[in-house]
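Below is one structure, written out as structure tokens; the observations come after it.
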Amino acid sequence: MMSTAPTARVFSSDNTAGTSAEILDALAREATGQALPYGADDTTATVRRRLSDVFEREVDVLLVSTGSAANALGLAALTPPWGSVLCHRDSHINNDECGAPEFYTAGAKLVPLGGDDAKIDPDELRAAARHKAGDVHSVEPSVVSITQCTETGAVYTLDELRTLGSVAEEAGLRTHMDGARFAGAIASLDCAPAELTWRAGVDVLSFGATKNGTMTADAIVVFDRSLTPELAFRAKRAGQLASKMRFQAAQFDAYLADGLWLRNARHANAMAARLQEGLKAIPEVRLLGTADANIVFCRLPQQITEGLLSDGYAFYHDRWEPGVARFVTSFTTAPQDIDHLLRAVRQHAA
């Protein structure tokens, strides 16, 4: 059933946001004329060049329709069927992809690890990377998957990423990054994308864009280009080689052009910061975790939750534990949307 809550009152996910006007304009332009199919078009080639510029090195790019496909295919190219993927227990691949990573890897096992703010604890990673390594009776530790931003809205610092990358390198693990909100992490840290990825040891990045402005396009960015031939076959076999790839490419071309991807992410982050500051001033509300990007977790009294729901607000609540709510902002969230939400929280608190 479709939600009847007004857009300005929907804080359940950044997936509820629409598509940037610049991307719609690009799609309209791409709809005229003809182009070669299956990624052989000029626009797809332009996206590869743009992403190579963004990451300051030659990269290969496979455009896909979902972040789940990007994650599962990327992991499948990094992991043998008898391998294990070391990830945080709160990660999207562990909780929200219906077994797709296990399916596409032909049976590789996800090994969940702990750590504050949904960040992998380096000591746990170090221990897991050694656990039964080389034991034919067990799965072989093969890949570490890092979620950036994390599922709680925290962002790995450069030092934290380098530490995990060092542990992975010492153990002979490959490194995958789930970047569903990658732009938000870049906007938060204000650093070069290269520093957050291949310079920290990342082999494959799932570059998310649908949460931040595109319509139907995410990307697999391949830093270890020896993986590309296998990934190309896997993408085709998974039904992710679009015949009219130029329409996915047009979205990414506009997304990357003129810094749209960072402008959108900075706005979403700023709206979350505005919300966080407002909630801090309400005694009945307790903020939880670290909100570095566009996700805010807090503990709400039941009367506030019920009041907001009766007002038509949409947000996740009681999913993680009773009394815990999550609010997600997006590139379409307006300052007045935040102010109205805060006013409602104060009213129901009173």
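Numbers given in my numbering equal positions in the sequence shown, counted from 1, plus 10.
The C-beta atom is built at its ideal place from N, Cα and C for all residues, glycine as well.
- If you draw a 10 Å sphere on the C-beta of Asn304, you find 16 or more other C-beta atoms in it, and that means buried.
- Straight-line spacing of the CA atoms in Thr343 and Arg19 works out to 9 Å.
- Each residue's CA atom was taken as its position, placing Gly322 and Lys119 some 41 Å apart.
- If only uninterrupted beta strand (DSSP E) runs of at least 3 residues are considered, those enclosed by the region 268–355 are 296–298, 305–309, 334–338.
- Judged by DSSP secondary structure, His102 falls within the alpha helix (DSSP H) whose first and last residues are 102–105.
- Remark: C-beta atoms of Gly194 and Ala267 do not approach each other more closely than 9 Å.
- Put simply, the backbone Cα of Asp51 is about 26 Å away from that of Ala204.
- The residue from Thr339, Ser320, Glu316 with its alpha-carbon nearest to that of Asp328 is Glu316.
- Collapsing the DSSP output to three states places Phe217 in a strand.
- A direct Cα-Cα distance of roughly 33 Å separates Glu180 from Leu272.
- Per DSSP, Leu73 is one residue of the beta strand (DSSP E) stretching across 70–74.
- By the neighbour-count criterion, in which 16 or more other beta carbons inside 10 Å mark a residue as buried, Pro151 falls on the buried side.
- A buried status is given to Tyr114, since no fewer than 16 other beta-carbon atoms sit within 10 Å of its beta-carbon.
- Annotation: the continuous alpha helix (DSSP H) that includes Val57 extends over 52–65.
- For a cut-off of 8 Å, the C-beta gap from Ala210 to Gly175 is around 5 Å, short enough to register as a contact.
- For Asn25, the number of other beta carbons within 10 angstroms of its own is below 16, and it is reported as exposed.
- In this structure the region 81–89 lies against the region 228–248, because at least three pairs of beta carbons, one per stretch, are closer than 8 Å.
- Thr162 counts as buried, since no fewer than 16 other beta carbons sit within 10 angstroms of its beta carbon.
- The three-state reading of DSSP puts Ser78 in helix, counting H, G and I together.
- Scanning its chain for C-beta atoms nearer than 6 Å, with the 5 sequence neighbours on each side dropped, one finds around Leu215 the residues Met187, Gly189, Thr207, Val231, in chain order.
- Contact between the region 231–246 and the region 276–294 is absent: fewer than 3 CB-CB pairs across the two stretches fall below 8 Å.
- Cβ-Cβ distances below 7 Å link His358 to Gln313, Ile314, Gly317, Leu318 in the same chain, with the five nearest sequence neighbours on each side left out; the list follows chain order.
- Going by DSSP, Lys129 is part of no alpha helix (DSSP H) at all; its letter is neither H nor E.
- Looking at the DSSP output, Thr185 bridges to Val154.
- When secondary structure is reduced to three states using DSSP, Lys119 falls in the strand class.
- Judged by DSSP in its simplified three-state form, Asp234 adopts coil rather than helix or strand.
- Per DSSP, the continuous beta strand (DSSP E) segment holding Ser94 begins and ends at 93–98.
- Restricting attention to Val165, Ala79, Val355, the CA atom closest to the CA of Ile130 is found in Val165.
- Residue Ser155 holds the alpha-carbon nearest to the alpha-carbon of Leu123 among Glu112, Ser155, Thr226, Arg309.
- Shown here for Arg99: same chain residues with a beta carbon closer than 7 Å to its own, the five before and five after excluded, namely Pro122, Leu123, Gly124 in chain order.
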